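Residue numbers (the working numbering): 1491 to 1973.
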(Lines of atoms letter the chains of each structure in order from A and count residues from 1; the text may use other names and numbers.)
(Lines give C-alpha, C1' and ligand atoms only; values in the text may rest on other atoms or scores of the structure.)
Protein backbone atom coordinates (compact mmCIF):
# COMPACT_ATOMS: atom_id res chain seq x y z
CA UNK A 1 0.00 0.00 0.00
CA UNK A 2 1.17 3.47 -0.76
CA UNK A 3 2.78 4.96 2.35
CA UNK A 4 0.84 8.20 2.04
CA UNK A 5 -2.46 6.34 1.78
CA UNK A 6 -1.51 4.16 4.76
CA UNK A 7 -0.68 7.18 6.91
CA UNK A 8 -3.93 8.88 5.93
CA UNK A 9 -5.88 5.73 6.81
CA UNK A 10 -4.21 5.46 10.24
CA UNK A 11 -4.86 9.15 10.90
CA UNK A 12 -8.52 8.77 9.91
CA UNK A 13 -8.84 5.72 12.17
CA UNK A 14 -7.39 7.70 15.06
CA UNK A 15 -9.91 10.48 14.45
CA UNK A 16 -12.78 7.96 14.51
CA UNK A 17 -11.42 6.43 17.72
CA UNK A 18 -11.15 9.89 19.28
CA UNK A 19 -14.76 10.62 18.38
CA UNK A 20 -15.87 7.29 19.83
CA UNK A 21 -13.95 7.90 23.05
CA UNK A 22 -15.38 11.39 23.37
CA UNK A 23 -18.92 10.17 22.72
CA UNK A 24 -18.46 7.41 25.30
CA UNK A 25 -17.09 9.91 27.83
CA UNK A 26 -20.03 12.25 27.32
CA UNK A 27 -22.58 9.43 27.63
CA UNK A 28 -20.93 7.69 30.57
CA UNK A 29 -19.46 10.51 32.64
CA UNK A 30 -20.83 13.89 31.58
CA UNK A 31 -24.46 13.03 30.93
CA UNK A 32 -25.55 13.68 34.51
CA UNK A 33 -23.72 17.01 34.68
CA UNK A 34 -25.25 18.12 31.40
CA UNK A 35 -28.70 16.96 32.50
CA UNK A 36 -28.39 18.85 35.78
CA UNK A 37 -26.99 22.03 34.27
CA UNK A 38 -29.23 24.98 35.16
CA UNK A 39 -29.05 26.18 31.54
CA UNK A 40 -30.38 22.89 30.18
CA UNK A 41 -33.92 23.70 29.03
CA UNK A 42 -34.85 20.04 29.02
CA UNK A 43 -34.37 19.95 32.78
CA UNK A 44 -36.98 22.59 33.52
CA UNK A 45 -39.30 21.17 30.83
CA UNK A 46 -39.13 17.81 32.63
CA UNK A 47 -39.64 19.50 36.00
CA UNK A 48 -42.97 20.99 34.94
CA UNK A 49 -44.03 18.27 32.49
CA UNK A 50 -46.66 16.89 34.87
CA UNK A 51 -48.59 18.21 37.87
CA UNK A 52 -46.24 18.64 40.81
CA UNK A 53 -46.56 16.71 44.04
CA UNK A 54 -47.97 18.56 47.02
CA UNK A 55 -46.97 19.99 50.35
CA UNK A 56 -49.47 18.72 52.90
CA UNK A 57 -50.78 20.35 56.09
CA UNK A 58 -53.00 18.29 58.41
CA UNK A 59 -53.89 15.89 55.61
CA UNK A 60 -54.81 18.55 53.04
CA UNK A 61 -52.63 19.93 50.22
CA UNK A 62 -51.75 23.61 50.44
CA UNK A 63 -50.22 23.50 46.95
CA UNK A 64 -51.48 22.48 43.53
CA UNK A 65 -50.67 22.68 39.83
CA UNK A 66 -52.27 24.52 36.91
CA UNK A 67 -52.06 23.71 33.18
CA UNK A 68 -50.30 26.49 31.32
CA UNK A 69 -51.07 27.77 27.84
CA UNK A 70 -48.64 28.69 25.10
CA UNK A 71 -45.56 27.41 26.91
CA UNK A 72 -43.34 24.33 26.73
CA UNK A 73 -43.56 24.25 30.53
CA UNK A 74 -46.81 22.32 30.81
CA UNK A 75 -47.73 23.04 34.45
CA UNK A 76 -47.04 25.69 37.04
CA UNK A 77 -47.34 25.73 40.81
CA UNK A 78 -50.41 27.09 42.58
CA UNK A 79 -50.95 27.73 46.29
CA UNK A 80 -53.92 27.60 48.65
CA UNK A 81 -53.69 30.44 51.18
CA UNK A 82 -50.25 31.22 49.76
CA UNK A 83 -49.52 34.18 52.02
CA UNK A 84 -50.49 32.20 55.11
CA UNK A 85 -48.03 29.40 54.39
CA UNK A 86 -45.27 31.18 52.43
CA UNK A 87 -42.79 30.94 55.32
CA UNK A 88 -43.30 27.16 55.24
CA UNK A 89 -43.49 26.35 51.54
CA UNK A 90 -41.26 28.99 50.00
CA UNK A 91 -41.94 29.33 46.27
CA UNK A 92 -41.56 27.23 43.14
CA UNK A 93 -41.15 29.49 40.13
CA UNK A 94 -40.56 28.56 36.51
CA UNK A 95 -38.43 31.70 36.20
CA UNK A 96 -36.82 32.23 39.63
CA UNK A 97 -36.22 28.74 40.99
CA UNK A 98 -37.48 27.31 44.27
CA UNK A 99 -36.89 27.99 47.96
CA UNK A 100 -37.50 26.36 51.33
CA UNK A 101 -39.54 23.13 51.23
CA UNK A 102 -40.22 23.66 47.52
CA UNK A 103 -36.49 23.82 46.89
CA UNK A 104 -35.30 21.15 49.32
CA UNK A 105 -37.77 18.56 48.00
CA UNK A 106 -38.00 19.76 44.41
CA UNK A 107 -36.96 16.40 42.92
CA UNK A 108 -39.57 14.52 44.94
CA UNK A 109 -42.25 17.04 44.03
CA UNK A 110 -41.47 16.98 40.29
CA UNK A 111 -41.00 13.20 40.07
CA UNK A 112 -37.29 13.16 39.19
CA UNK A 113 -35.99 11.84 42.53
CA UNK A 114 -34.24 8.50 41.98
CA UNK A 115 -36.04 7.02 45.00
CA UNK A 116 -39.32 7.22 43.08
CA UNK A 117 -38.09 4.90 40.32
CA UNK A 118 -38.10 1.11 40.19
CA UNK A 119 -35.07 -0.63 38.60
CA UNK A 120 -36.68 -0.80 35.13
CA UNK A 121 -37.61 2.88 35.19
CA UNK A 122 -34.10 3.75 36.32
CA UNK A 123 -32.72 2.08 33.20
CA UNK A 124 -35.25 3.56 30.78
CA UNK A 125 -35.20 7.03 32.36
CA UNK A 126 -38.99 7.06 32.69
CA UNK A 127 -40.24 9.87 34.89
CA UNK A 128 -42.39 8.70 37.77
CA UNK A 129 -45.38 10.23 39.47
CA UNK A 130 -44.25 12.83 41.99
CA UNK A 131 -44.27 12.36 45.74
CA UNK A 132 -45.60 14.56 48.52
CA UNK A 133 -44.15 16.34 51.56
CA UNK A 134 -46.11 15.97 54.80
CA UNK A 135 -45.54 18.83 57.23
CA UNK A 136 -45.99 19.06 61.00
CA UNK A 137 -47.79 22.41 60.75
CA UNK A 138 -51.02 22.82 62.75
CA UNK A 139 -53.32 25.01 60.62
CA UNK A 140 -55.07 26.47 63.67
CA UNK A 141 -51.81 27.63 65.22
CA UNK A 142 -50.48 28.87 61.88
CA UNK A 143 -53.62 30.90 61.28
CA UNK A 144 -53.63 32.29 64.83
CA UNK A 145 -50.05 33.52 64.40
CA UNK A 146 -50.63 34.97 60.94
CA UNK A 147 -53.78 36.83 61.88
CA UNK A 148 -52.33 38.11 65.15
CA UNK A 149 -49.18 39.43 63.45
CA UNK A 150 -51.35 41.18 60.87
CA UNK A 151 -49.65 44.13 59.18
CA UNK A 152 -46.66 44.23 61.52
CA UNK A 153 -43.11 43.40 60.48
CA UNK A 154 -42.23 40.32 62.50
CA UNK A 155 -42.24 36.57 62.87
CA UNK A 156 -43.50 33.77 65.08
CA UNK A 157 -42.64 30.11 65.65
CA UNK A 158 -44.44 27.42 67.67
CA UNK A 159 -42.88 24.05 68.58
CA UNK A 160 -44.21 20.95 70.33
CA UNK A 161 -41.57 20.53 73.08
CA UNK A 162 -42.13 16.78 73.44
CA UNK A 163 -41.62 15.94 69.75
CA UNK A 164 -39.83 18.91 68.17
CA UNK A 165 -42.62 19.29 65.62
CA UNK A 166 -42.91 22.84 64.29
CA UNK A 167 -46.59 23.70 64.66
CA UNK A 168 -46.40 27.16 63.10
CA UNK A 169 -43.92 29.33 61.24
CA UNK A 170 -45.01 32.77 60.09
CA UNK A 171 -43.11 35.76 58.74
CA UNK A 172 -44.78 39.10 57.99
CA UNK A 173 -45.26 40.91 55.76
CA UNK A 174 -45.82 37.83 53.65
CA UNK A 175 -46.37 37.28 49.92
CA UNK A 176 -48.38 34.99 47.66
CA UNK A 177 -46.01 32.53 45.89
CA UNK A 178 -48.66 31.98 43.18
CA UNK A 179 -47.94 35.44 41.82
CA UNK A 180 -44.34 34.54 40.90
CA UNK A 181 -44.78 30.88 39.87
CA UNK A 182 -44.88 31.41 36.10
CA UNK A 183 -42.56 32.78 33.43
CA UNK A 184 -44.37 36.08 32.91
CA UNK A 185 -44.38 37.37 36.47
CA UNK A 186 -41.45 39.78 36.18
CA UNK A 187 -43.35 42.81 37.46
CA UNK A 188 -44.51 40.99 40.61
CA UNK A 189 -40.97 39.70 41.18
CA UNK A 190 -39.41 43.16 40.85
CA UNK A 191 -42.01 44.59 43.23
CA UNK A 192 -41.14 41.98 45.87
CA UNK A 193 -37.41 42.64 45.49
CA UNK A 194 -37.92 46.40 45.78
CA UNK A 195 -40.18 46.19 48.84
CA UNK A 196 -38.29 47.79 51.78
CA UNK A 197 -40.07 45.42 54.18
CA UNK A 198 -38.41 42.41 52.47
CA UNK A 199 -41.38 40.00 52.31
CA UNK A 200 -39.22 37.32 50.66
CA UNK A 201 -37.06 37.09 53.81
CA UNK A 202 -38.21 34.42 56.25
CA UNK A 203 -37.76 36.36 59.48
CA UNK A 204 -38.49 33.27 61.56
CA UNK A 205 -35.27 31.63 60.33
CA UNK A 206 -33.20 34.01 58.26
CA UNK A 207 -32.94 37.33 60.10
CA UNK A 208 -31.26 37.06 63.51
CA UNK A 209 -31.75 40.18 65.68
CA UNK A 210 -30.82 41.14 69.26
CA UNK A 211 -33.05 39.02 71.55
CA UNK A 212 -32.99 41.49 74.43
CA UNK A 213 -34.16 40.20 77.78
CA UNK A 214 -35.43 36.86 76.44
CA UNK A 215 -31.73 35.87 76.47
CA UNK A 216 -31.78 36.19 80.28
CA UNK A 217 -33.24 32.66 80.34
CA UNK A 218 -29.97 31.37 78.90
CA UNK A 219 -27.90 33.31 81.46
CA UNK A 220 -30.11 32.09 84.31
CA UNK A 221 -29.66 28.51 83.07
CA UNK A 222 -25.89 28.99 83.02
CA UNK A 223 -25.89 30.37 86.58
CA UNK A 224 -27.94 27.45 87.93
CA UNK A 225 -26.00 24.78 86.03
CA UNK A 226 -22.68 26.26 87.13
CA UNK A 227 -23.77 26.37 90.77
CA UNK A 228 -23.21 30.10 91.03
CA UNK A 229 -26.64 30.14 92.67
CA UNK A 230 -28.36 26.94 93.79
CA UNK A 231 -31.93 28.17 93.46
CA UNK A 232 -34.00 30.73 91.58
CA UNK A 233 -35.00 32.03 95.02
CA UNK A 234 -31.48 32.62 96.34
CA UNK A 235 -30.55 36.27 96.67
CA UNK A 236 -27.89 37.34 94.19
CA UNK A 237 -25.04 39.75 94.74
CA UNK A 238 -26.33 42.47 92.42
CA UNK A 239 -25.96 46.17 93.20
CA UNK A 240 -28.50 48.49 91.61
CA UNK A 241 -27.44 50.33 89.57
CA UNK A 242 -24.58 48.14 88.36
CA UNK A 243 -21.43 49.48 86.74
CA UNK A 244 -19.51 46.74 84.85
CA UNK A 245 -15.74 46.54 85.41
CA UNK A 246 -13.69 48.63 83.01
CA UNK A 247 -16.32 51.26 82.32
CA UNK A 248 -18.14 54.15 83.96
CA UNK A 249 -21.32 53.45 82.02
CA UNK A 250 -24.04 52.32 84.40
CA UNK A 251 -26.28 49.39 83.47
CA UNK A 252 -29.72 50.64 84.45
CA UNK A 253 -33.15 49.02 84.71
CA UNK A 254 -36.19 50.12 82.71
CA UNK A 255 -38.35 49.99 85.82
CA UNK A 256 -36.61 52.28 88.30
CA UNK A 257 -38.85 51.17 91.18
CA UNK A 258 -38.41 47.43 90.63
CA UNK A 259 -36.84 45.50 93.54
CA UNK A 260 -33.72 44.60 91.58
CA UNK A 261 -31.00 45.18 94.16
CA UNK A 262 -29.61 41.74 95.13
CA UNK A 263 -32.74 40.23 93.57
CA UNK A 264 -33.17 36.47 93.24
CA UNK A 265 -33.27 34.97 89.75
CA UNK A 266 -37.03 34.63 90.06
CA UNK A 267 -37.47 38.30 90.92
CA UNK A 268 -34.89 39.35 88.34
CA UNK A 269 -36.80 37.49 85.61
CA UNK A 270 -40.13 38.77 86.93
CA UNK A 271 -39.03 42.41 86.70
CA UNK A 272 -36.40 41.86 83.97
CA UNK A 273 -33.57 43.31 86.08
CA UNK A 274 -30.65 44.28 83.84
CA UNK A 275 -28.27 44.77 86.75
CA UNK A 276 -28.67 41.14 87.87
CA UNK A 277 -28.09 39.53 84.49
CA UNK A 278 -25.35 41.94 83.42
CA UNK A 279 -23.42 41.07 86.57
CA UNK A 280 -24.22 37.37 86.22
CA UNK A 281 -22.64 37.32 82.77
CA UNK A 282 -19.50 39.00 84.12
CA UNK A 283 -19.35 36.72 87.18
CA UNK A 284 -19.78 33.59 85.07
CA UNK A 285 -17.50 34.84 82.32
CA UNK A 286 -18.28 34.89 78.63
CA UNK A 287 -16.98 31.36 78.05
CA UNK A 288 -19.53 29.77 80.41
CA UNK A 289 -22.37 31.86 79.04
CA UNK A 290 -21.32 30.97 75.49
CA UNK A 291 -21.14 27.27 76.37
CA UNK A 292 -24.72 27.35 77.64
CA UNK A 293 -25.90 29.39 74.64
CA UNK A 294 -24.32 26.88 72.28
CA UNK A 295 -26.03 23.98 74.06
CA UNK A 296 -29.34 25.70 73.28
CA UNK A 297 -28.30 26.11 69.61
CA UNK A 298 -26.49 29.45 69.31
CA UNK A 299 -23.51 29.58 66.92
CA UNK A 300 -24.83 26.51 65.06
CA UNK A 301 -24.20 27.05 61.36
CA UNK A 302 -26.13 23.91 60.37
CA UNK A 303 -29.46 24.41 62.15
CA UNK A 304 -31.95 22.74 59.82
CA UNK A 305 -35.68 22.24 60.20
CA UNK A 306 -35.06 21.08 57.35
CA UNK A 307 -34.80 24.66 56.02
CA UNK A 308 -31.42 26.05 57.05
CA UNK A 309 -31.59 28.87 59.59
CA UNK A 310 -29.01 31.60 59.78
CA UNK A 311 -26.98 31.09 62.97
CA UNK A 312 -28.01 32.84 66.14
CA UNK A 313 -24.83 34.31 67.63
CA UNK A 314 -23.22 34.61 71.02
CA UNK A 315 -19.94 36.45 70.29
CA UNK A 316 -16.34 35.85 71.33
CA UNK A 317 -13.48 38.11 72.40
CA UNK A 318 -15.55 40.54 74.48
CA UNK A 319 -14.29 42.78 77.25
CA UNK A 320 -16.15 42.85 80.56
CA UNK A 321 -18.50 45.75 79.72
CA UNK A 322 -19.48 43.99 76.49
CA UNK A 323 -19.92 40.72 78.38
CA UNK A 324 -22.29 42.49 80.77
CA UNK A 325 -24.40 43.76 77.88
CA UNK A 326 -24.37 40.31 76.29
CA UNK A 327 -26.01 39.06 79.48
CA UNK A 328 -29.11 41.11 78.69
CA UNK A 329 -29.22 40.02 75.04
CA UNK A 330 -27.53 43.12 73.64
CA UNK A 331 -24.05 43.96 72.27
CA UNK A 332 -23.50 41.49 69.40
CA UNK A 333 -25.89 38.77 70.59
CA UNK A 334 -28.45 37.86 67.93
CA UNK A 335 -31.20 35.25 67.70
CA UNK A 336 -33.96 34.07 65.40
CA UNK A 337 -37.50 33.39 66.62
CA UNK A 338 -36.80 29.71 65.93
CA UNK A 339 -33.83 29.83 68.30
CA UNK A 340 -35.77 31.49 71.12
CA UNK A 341 -38.64 29.02 70.67
CA UNK A 342 -36.04 26.25 71.05
CA UNK A 343 -34.91 27.75 74.37
CA UNK A 344 -38.44 27.68 75.79
CA UNK A 345 -39.10 24.23 74.31
CA UNK A 346 -36.06 22.70 76.03
CA UNK A 347 -37.02 24.26 79.37
CA UNK A 348 -40.61 23.05 78.97
CA UNK A 349 -39.45 19.52 78.11
CA UNK A 350 -37.64 18.99 81.41
CA UNK A 351 -34.32 20.26 80.00
CA UNK A 352 -34.27 18.02 76.91
CA UNK A 353 -34.36 19.55 73.43
CA UNK A 354 -35.98 17.68 70.58
CA UNK A 355 -34.59 18.71 67.19
CA UNK A 356 -37.15 21.08 65.62
CA UNK A 357 -38.57 19.88 62.30
CA UNK A 358 -41.51 20.96 60.15
CA UNK A 359 -41.62 17.87 57.91
CA UNK A 360 -42.86 14.56 59.30
CA UNK A 361 -42.56 12.42 56.17
CA UNK A 362 -41.70 12.45 52.50
CA UNK A 363 -43.78 9.90 50.56
CA UNK A 364 -44.13 8.58 47.04
CA UNK A 365 -47.31 8.65 44.94
CA UNK A 366 -48.59 5.50 46.70
CA UNK A 367 -48.04 7.01 50.14
CA UNK A 368 -45.02 4.84 50.93
CA UNK A 369 -42.43 6.56 53.10
CA UNK A 370 -39.23 7.70 51.42
CA UNK A 371 -37.93 9.62 54.42
CA UNK A 372 -39.22 10.08 57.97
CA UNK A 373 -38.43 12.75 60.54
CA UNK A 374 -40.86 11.59 63.21
CA UNK A 375 -38.18 10.29 65.60
CA UNK A 376 -36.35 13.57 66.13
CA UNK A 377 -32.96 13.52 67.80
CA UNK A 378 -32.86 14.72 71.40
CA UNK A 379 -30.19 16.30 73.59
CA UNK A 380 -30.16 17.18 77.28
CA UNK A 381 -29.47 20.89 77.61
CA UNK A 382 -29.91 21.45 81.37
CA UNK A 383 -30.72 19.21 84.30
CA UNK A 384 -34.29 18.37 85.21
CA UNK A 385 -33.90 20.44 88.37
CA UNK A 386 -32.70 23.52 86.48
CA UNK A 387 -35.53 23.20 83.96
CA UNK A 388 -38.09 22.91 86.75
CA UNK A 389 -36.78 26.01 88.49
CA UNK A 390 -36.72 28.02 85.27
CA UNK A 391 -40.30 27.00 84.48
CA UNK A 392 -41.35 28.12 87.94
CA UNK A 393 -39.69 31.50 87.45
CA UNK A 394 -41.21 31.87 83.96
CA UNK A 395 -44.66 31.21 85.42
CA UNK A 396 -44.03 34.05 87.88
CA UNK A 397 -43.24 36.32 84.92
CA UNK A 398 -46.64 35.61 83.40
CA UNK A 399 -48.65 35.54 86.62
CA UNK A 400 -47.11 38.52 88.41
CA UNK A 401 -44.44 40.06 86.20
CA UNK A 402 -43.84 41.59 82.79
CA UNK A 403 -45.65 38.90 80.77
CA UNK A 404 -49.24 39.04 82.03
CA UNK A 405 -50.71 39.34 78.51
CA UNK A 406 -49.72 35.73 77.79
CA UNK A 407 -52.09 34.07 80.25
CA UNK A 408 -54.20 31.21 78.85
CA UNK A 409 -57.21 30.14 80.91
CA UNK A 410 -56.78 26.72 82.48
CA UNK A 411 -53.17 26.28 81.40
CA UNK A 412 -49.74 26.59 82.97
CA UNK A 413 -47.99 29.37 81.07
CA UNK A 414 -44.44 30.56 81.57
CA UNK A 415 -42.66 33.22 79.56
CA UNK A 416 -40.09 35.95 79.24
CA UNK A 417 -40.43 39.36 77.65
CA UNK A 418 -37.73 41.23 75.78
CA UNK A 419 -37.28 44.72 74.40
CA UNK A 420 -34.07 44.98 72.41
CA UNK A 421 -32.31 48.20 71.50
CA UNK A 422 -32.13 49.03 67.81
CA UNK A 423 -29.78 51.46 66.10
CA UNK A 424 -26.82 53.48 67.34
CA UNK A 425 -27.48 54.68 70.89
CA UNK A 426 -30.92 53.02 70.66
CA UNK A 427 -31.96 55.66 68.12
CA UNK A 428 -34.49 53.47 66.27
CA UNK A 429 -37.68 51.76 67.39
CA UNK A 430 -36.78 48.80 69.66
CA UNK A 431 -37.59 45.18 68.86
CA UNK A 432 -40.27 43.53 70.98
CA UNK A 433 -39.86 39.84 71.91
CA UNK A 434 -41.72 37.19 73.83
CA UNK A 435 -40.82 33.54 74.34
CA UNK A 436 -42.96 31.16 76.32
CA UNK A 437 -44.42 27.72 76.86
CA UNK A 438 -47.89 26.47 77.81
CA UNK A 439 -49.10 23.14 79.20
CA UNK A 440 -52.59 21.74 79.58
CA UNK A 441 -52.54 19.14 82.36
CA UNK A 442 -55.91 17.75 81.27
CA UNK A 443 -55.06 16.97 77.66
CA UNK A 444 -51.30 16.68 78.09
CA UNK A 445 -50.75 19.10 75.21
CA UNK A 446 -47.73 21.41 75.27
CA UNK A 447 -46.38 24.18 73.08
CA UNK A 448 -43.38 26.52 73.07
CA UNK A 449 -43.53 29.83 71.23
CA UNK A 450 -41.35 32.78 70.26
CA UNK A 451 -42.63 36.01 68.76
CA UNK A 452 -40.60 38.89 67.36
CA UNK A 453 -42.08 42.26 66.46
CA UNK A 454 -39.47 44.02 64.36
CA UNK A 455 -41.67 47.02 63.63
CA UNK A 456 -45.34 47.48 64.49
CA UNK A 457 -45.62 51.14 63.61
CA UNK A 458 -46.34 51.88 67.27
CA UNK A 459 -44.83 54.84 69.08
CA UNK A 460 -41.52 54.13 70.75
CA UNK A 461 -43.06 54.48 74.22
CA UNK A 462 -45.60 51.77 73.38
CA UNK A 463 -43.06 49.12 72.34
CA UNK A 464 -42.71 46.29 74.83
CA UNK A 465 -42.62 42.52 74.76
CA UNK A 466 -45.72 42.29 76.91
CA UNK A 467 -47.64 44.89 74.95
CA UNK A 468 -46.87 43.75 71.40
CA UNK A 469 -45.47 40.21 71.33
CA UNK A 470 -47.11 38.46 74.30
CA UNK A 471 -50.70 38.82 72.99
CA UNK A 472 -49.66 37.08 69.76
CA UNK A 473 -47.98 34.29 71.70
CA UNK A 474 -51.12 33.96 73.82
CA UNK A 475 -53.30 33.40 70.76
CA UNK A 476 -50.88 30.82 69.37
CA UNK A 477 -50.65 28.91 72.63
CA UNK A 478 -54.41 28.92 73.09
CA UNK A 479 -54.87 27.56 69.56
CA UNK A 480 -52.25 24.83 70.10
CA UNK A 481 -53.79 23.62 73.34
CA UNK A 482 -57.29 23.64 71.86
CA UNK A 483 -56.58 21.97 68.53
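All C-beta atoms, glycine included, are put in the ideal place defined by N, C-alpha and C. As the structure is a computational prediction, the values presented were derived from the model and not from experiment.
Just to confirm before moving on: does the CB-CB distance between residue i and residue j stay below 8 Å?
i	j	result
residue 1819	residue 1738	no
residue 1603	residue 1621	yes
residue 1699	residue 1910	yes
residue 1546	residue 1624	yes
residue 1687	residue 1663	yes
residue 1811	residue 1736	yes
residue 1538	residue 1553	no
residue 1795	residue 1829	no
residue 1706	residue 1759	yes
residue 1964	residue 1898	yes
residue 1646	residue 1922	no
residue 1975	residue 1836	Look at the range of the chain in this structure, 1491 to 1973, and you will see that residue 1975 is not part of it.
residue 1838	residue 1938	yes
Going by DSSP in three states, residue i sits in which element: helix, strand or coil?
i	result
residue 1773	helix
residue 1512	helix
residue 1683	helix
residue 1921	strand
residue 1570	coil
residue 1935	coil
residue 1575	helix
residue 1761	helix
residue 1885	helix
residue 1843	strand
residue 1848	coil
residue 1902	strand
residue 1834	helix
residue 1878	helix
residue 1548	coil
residue 1908	strand
residue 1554	strand
residue 1929	strand
residue 1664	coil
residue 1872	coil
residue 1539	coil
residue 1690	coil
residue 1564	coil
residue 1973	coil
residue 1754	strand
residue 1502	helix
Assuming residue i and residue j form a contact by the criterion Cβ under 8 Å, report the distance between their Cβ atoms to the nearest whole angstrom.
i	j	result
residue 1585	residue 1673	5 Å
residue 1882	residue 1843	With 8 Å as the limit, residue 1882 and residue 1843 do not qualify as a contact, their Cβ atoms being about 19 Å apart.
residue 1905	residue 1926	3 Å
residue 1860	residue 1852	5 Å
residue 1548	residue 1629	5 Å
residue 1566	residue 1573	Rounded, the Cβ-Cβ distance is 18 Å, inconsistent with contact.
residue 1969	residue 1634	4 Å
residue 1542	residue 1599	5 Å
Let me know if residue i comes out buried or exposed under the rule of 16 or more other beta-carbons within 10 Å of its beta-carbon.
i	result
residue 1493	exposed
residue 1936	buried
residue 1592	buried
residue 1924	buried
residue 1511	exposed
residue 1721	exposed
residue 1710	buried
residue 1900	exposed
residue 1971	buried
residue 1806	exposed
residue 1535	exposed
residue 1773	buried
residue 1496	exposed
Which full runs of the alpha helix (DSSP H) of 4+ residues lie inside the stretch 1582-1656, going along the chain? 1590-1594, 1596-1600, 1609-1614, 1629-1639
Runs of beta strand (DSSP E) wholly within the stretch 1780-1828 (minimum 3 residues, chain order): none
Runs of 4 residues minimum, wholly inside the stretch 1703-1746: which ones carry the alpha helix (DSSP H) assignment? Correct list: 1706-1716.
Fully enclosed by the stretch 1942-1968, which beta strand (DSSP E) runs are 3 residues long or longer? Within the stretch 1942-1968, no complete beta strand (DSSP E) run reaches 3 residues.
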